[in-house]
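A.B. asks: Sequential numbering from 937 applies to the sequence shown in the numbering used here.
Please read through the structure below; I'll follow up with questions.
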Amino acid sequence: MRKRWISLLVTALLIAGVLTPASPAMAAPTFRVPFPCGQTWSGQTRSGHSPAYAIDFNRTDDAGDPVVASAPGTVDVVTNLGNTSYGKYVRINHGGGYTTYYAHLSGFNVSVGQTVGYGKVIGWVGSTGGSTGPHLHYEQRLNGSDIQVRFNGGLALYWGTKNYTSGNGCSSGAGSGTVDTSGTPLTVRSGPGTGYAAVGTVADGTKVTIACQTSGTSVTGTYGTSTIWDRIGGGRFIADAYVYTGYDGYIPNVPRC
């Protein structure tokens, strides 16, 4: 009898594990090129790089040029490894397991615990650590593992060299809208869909800044039925069907998440 009871319990647990849906992963931040608005940099990827998916950025006479945060977050590492490895580097935690690394800097412009946004200067291009010449070593990581770099949702070139023009900190890089729910607070989700966790609400009539837009769960709201979701902060999405933006669809010049 005891063995039969244990068998039934294990079976029930297995069924529960199969039938219970997994929580959706938090959407990735909208990363932008880690240099001031309008600058063009040459980014190189190579399979022998360490880690493999990192990008080395260069341009003429780049020593001392400012490096900026590629997405909003909190600085959690500012350190100097001396003449080895990354040398002087900064790490930014963007939430949801996402971090970015900025290595071989000549100096720092931030401190641990500081909150940063797009375009915030965090340091300057240098040649510290194991570098053989001035450049920025840049990484995106998820849960500690390096991942292929994306800017504005688009995959970087692997493998080879490509020019990237920064839209980081440009005033036209974000849109705006007004929440219209006829009085009911609008639920904010951790990702672009109703299946993502609720992480707060936005009151009716609130003016919001839209960092980027993406496709997700179809929602019927004040302005019809739409699959568009607006990111209004790190890991914070609202259904566009409840937001007046002045456009029927995606907002021109606002990046896709």
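We put the beta carbon where it would ideally sit given N, CA and C, even for glycine.
Could you give the uninterrupted runs of the beta strand (DSSP E) lying entirely in the region 1068 to 1101, keeping only those of 3 residues or more?
C.D. replies: 1072 to 1078, 1081 to 1083 and 1096 to 1101
A.B. asks: With H, G and I counted as helix, E and B as strand and the rest as coil, what does DSSP make of D1176?
C.D. replies: For this step, residue 1176 is matched to residue 240 along the sequence shown. Here D1176 sits in helix by DSSP.
A.B. asks: Just mark Y1074 as buried or exposed, buried being the case when its beta carbon has 16 or more other beta carbons within 10 Å.
C.D. replies: Position 138 of the sequence shown holds residue 1074. Burial check for Y1074: the Cβ neighbour count within 10 Å reaches 16 or more, so the residue is buried.
A.B. asks: Assuming V1179 contacts V1115 under a Cβ cut-off of 8 Å, what Cβ separation, rounded to an integer in Å, is found between them?
C.D. replies: Counting from 1 along the sequence shown, the entry for residue 1179 is found at position 243. Counting from 1 along the sequence shown, the entry for residue 1115 is found at position 179. Yes, V1179 and V1115 are in contact; Cβ-Cβ is about 6 Å, under 8 Å.
A.B. asks: Taking the alpha-carbon positions, what's the P1191 to R1086 distance?
C.D. replies: In the sequence shown, residue 1191 corresponds to position 255, counting from 1. In the sequence shown, residue 1086 corresponds to position 150, counting from 1. Cα to Cα, P1191 sits roughly 12 Å from R1086.
A.B. asks: Expressed to the nearest angstrom, what Euclidean distance is found between the alpha-carbon atoms of A948 and W1165?
C.D. replies: If you number the sequence shown from 1, residue 948 lands on position 12. If you number the sequence shown from 1, residue 1165 lands on position 229. Note that A948 scores 44 on pLDDT, short of 50, meaning its location in the model is unreliable; the coordinates nonetheless yield the value given after this. Using only the alpha carbons, I get a separation of about 37 Å.
A.B. asks: Leaving out the 5 sequence neighbours to the left and right, which residues in its chain are closer than 6 Å to G1141 when beta-carbon positions are compared?
C.D. replies: Stepping through the sequence shown from its first residue, residue 1141 is reached at position 205. None.
A.B. asks: What do you get for A1039, buried or exposed, if any count of 16 or more other CB atoms within 10 angstroms of its CB means buried?
C.D. replies: Counting from one through the sequence shown, the residue named residue 1039 turns up at place 103. So A1039 counts as buried.
A.B. asks: Give the secondary structure of T1124 by DSSP, where H, G and I count as helix, E and B as strand, and everything else as coil.
C.D. replies: Indexing the sequence shown from 1 puts residue 1124 at position 188. Looking at the sequence itself, residue 1124 is Val, so the reference to Thr does not match. V1124: strand per DSSP, three-state reduction.
A.B. asks: Measure the C-alpha to C-alpha separation of T1153 and D997 and round it to an integer number of angstroms.
C.D. replies: For this step, residue 1153 is matched to residue 217 along the sequence shown. For this step, residue 997 is matched to residue 61 along the sequence shown. In a straight line, the C-alpha of T1153 is about 47 Å away from that of D997.
A.B. asks: Is the beta carbon of I1058 sitting closer than 8 Å to the one on V1004?
C.D. replies: Residue numbering aside, residue 1058 sits at position 122 when the sequence shown is read from its first letter. Residue numbering aside, residue 1004 sits at position 68 when the sequence shown is read from its first letter. Contact: yes.
A.B. asks: So, under 8 Å CB-CB, V1052 and I1083 are touching, yes? Tell me the CB distance rounded to an integer number of Å.
C.D. replies: For the purposes of this step, residue 1052 is identified with residue 116 of the sequence shown, where counting begins at 1. For the purposes of this step, residue 1083 is identified with residue 147 of the sequence shown, where counting begins at 1. Actually they do not touch by this definition, with Cβ atoms about 20 Å apart.
A.B. asks: On the premise that T1101 lies in contact with T976, defined as a C-beta separation below 8 Å, what is that separation, rounded to the nearest angstrom?
C.D. replies: What you label residue 976 is simply residue 40 of the sequence shown in a count that begins at 1. What you label residue 1101 is simply residue 165 of the sequence shown in a count that begins at 1. With a Cβ gap of about 5 Å, T976 and T1101 count as contacting.
A.B. asks: When burial is assigned at 16 or more other CB atoms within 10 Å of the CB, is V1048 buried or exposed?
C.D. replies: Within the sequence shown, the letter at position 112 stands for residue 1048. V1048 is exposed by the Cβ-count criterion.
A.B. asks: Could you pull out every unbroken beta strand (DSSP E) segment of at least 3 residues lying fully inside the region 957 to 1012, listed in chain order?
C.D. replies: 976 to 981, 991 to 994 and 1002 to 1004
A.B. asks: Looking at the secondary structure, which residues open and close the beta strand (DSSP E) in which A1110 lies?
C.D. replies: The residue you call residue 1110 lines up with position 174 of the sequence shown. Unbroken run through A1110: none, as it is neither H nor E.
A.B. asks: A964 and Y1034 - do their beta-carbons sit closer together than 8 Å?
C.D. replies: Position 98 of the sequence shown, counted from the start, is the residue given in the question as residue 1034. Position 28 of the sequence shown, counted from the start, is the residue given in the question as residue 964. Yes.
A.B. asks: Taking Cβ to Cβ, would you say T1064 is nearer than 8 Å to G1023?
C.D. replies: Position 128 of the sequence shown, counted from the first residue, corresponds to residue 1064. Position 87 of the sequence shown, counted from the first residue, corresponds to residue 1023. A contact, by the Cβ cut-off of 8 Å.
A.B. asks: Assuming A999 and G1043 form a contact by the criterion Cβ under 8 Å, report the distance between their Cβ atoms to the nearest whole angstrom.
C.D. replies: Locating residue 999 in the sequence shown gives position 63, counting from the first residue. Locating residue 1043 in the sequence shown gives position 107, counting from the first residue. Wrong, their Cβ atoms sit about 11 Å apart, outside the cutoff.
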